[in-house]
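In this text, residue positions in the sequence shown follow our numbering: the first is 301, and each later residue adds one. Cβ coordinates follow ideal geometry from the N, Cα and C atoms, glycine included.
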Amino acid sequence: MDGASIEEVELQHTLDRHRSELKEVAARAGRGWLGPAAATEQGTEQLYSALERQLQQPSFEAELARSQHDIAAAGSSAQHERQSSPQEQPPPQQQQSGCAEGGEVLSQDWWELKEDGELRVSEQTGEYVFVERDDVVRALSAFIAEYIVSLPEARTMEPRQLQQAVVMTMAELRKGRVRRLLDWGRSLYRLGAVGYGAFTMFSNPWVAKAVLAALWSCLRLMGRLVL
Numbered sequence: 301m302d303g304a305s306i307e308e309v310e311l312q313h314t315l316d317r318h319r320s321e322l323k324e325v326a327a328r329a330g331r332g333w334l335g336p337a338a339a340t341e342q343g344t345e346q347l348y349s350a351l352e353r354q355l356q357q358p359s360f361e362a363e364l365a366r367s368q369h370d371i372a373a374a375g376s377s378a379q380h381e382r383q384s385s386p387q388e389q390p391p392p393q394q395q396q397s398g399c400a401e402g403g404e405v406l407s408q409d410w411w412e413l414k415e416d417g418e419l420r421v422s423e424q425t426g427e428y429v430f431v432e433r434d435d436v437v438r439a440l441s442a443f444i445a446e447y448i449v450s451l452p453e454a455r456t457m458e459p460r461q462l463q464q465a466v467v468m469t470m471a472e473l474r475k476g477r478v479r480r481l482l483d484w485g486r487s488l489y490r491l492g493a494v495g496y497g498a499f500t501m502f503s504n505p506w507v508a509k510a511v512l513a514a515l516w517s518c519l520r521l522m523g524r525l526v527l
């Protein structure tokens, strides 16, 4: 992933680590749940509400703390390996190539859907009844936790502080003027190249950008599997 930003690298790594879980919950949720959740105003608002409730739970703070611990442990292990056997270290480009299935997040197609692309759902299909999928919401919550704590801005924050910032962001998303998750794609393209300008309406722009990128990538991957 030469030339990628830290945001892109960490998002791709998180996507790869959660790929199997997302595939499983996508199969259970199915087309009728995933499409409206991302592509209709009502579905997106209700997804935000369900996630907001999940993110307020003590279990989310615990996920944040666990992810921080794992990152710290991985960093200490890597440093020990470099000190003990520096001659065995691979070249830098090999160290950055841990994306099991490529670099989806670096592709413009990942963020911009064509008219006949995945997740296309008509708003005129009648009343959409949101059936809350606890397994999907938990999977999204776990993904958000792991991705958020991997970013530099999170390194000096306690799990409780991060939880409060993420919950506040979800509330702002739910009340915001952009009503469909699908409509955020172009603003999120090339995470490293695009600054926080499109997210200045949020109390924590970096958190808003990270949460939206995480949600988009999860539903994008899940949508490719079942839509």
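| Item | Value |
| --- | --- |
| Taking its Cβ as the centre, do 16 or more other Cβ atoms sit within 10 Å of R480, making it buried, or is it exposed? | buried |
| Relative to the alpha-carbon of V437, which residue among E404, S450, R474, A329 has its alpha-carbon at the smallest distance? | A329 |
| Output the distance between the C-alpha atoms of Q396 and I371, rounded to the nearest integer angstrom. | Unreliable placement is indicated for Q396, whose pLDDT of 39 sits below 50; no coordinate value is reported for it. |
| Apart from the five residues just before and just after A508, which ones in its own chain have a Cβ nearer than 6 Å to its Cβ? | T469, F499, F502 |
| Determine the DSSP secondary structure at V467, reduced to helix, strand or coil. | helix |
| Cα-Cα, which of A339, P336, A350, E446 is closest to D435? | A350 |
| For E345, does the count of other Cβ atoms within 10 angstroms reach 16, so buried, or fall short, so exposed? | buried |
| The alpha helix (DSSP H) that contains H313, what's its start and end? | 306-317 |
| Let's test the definition: count the other Cβ atoms within 10 Å of the Cβ of E458 and tell me whether it reaches 16, buried, or not, exposed. | exposed |
| Would E352 pass as a contact of S450 if the rule is Cβ separation under 8 Å? | no |
| Taking C-alpha atoms, which residue in R317, D409, E472, D483 lies nearest to A442? | R317 |
| If you draw a straight line from the alpha carbon of L334 to that of M522, how long is it in whole angstroms? | 8 Å |
| Measure the C-alpha to C-alpha separation of P336 and A326 and round it to an integer number of angstroms. | 13 Å |
| Do Y447 and V340 have their beta-carbon atoms positioned less than 8 Å apart in this structure? | Note that residue 340 is Thr in the sequence shown, not Val. Going by C-beta atoms, T340 is not nearer than 8 Å to Y447. |
| To the nearest whole angstrom, what separates the beta carbons of L515 and L462, a pair I think is in contact under 8 Å? | Not confirmed; about 16 Å, so no contact. |
| Roughly how many whole angstroms lie between the Cα atoms of L519 and A338? | 7 Å |
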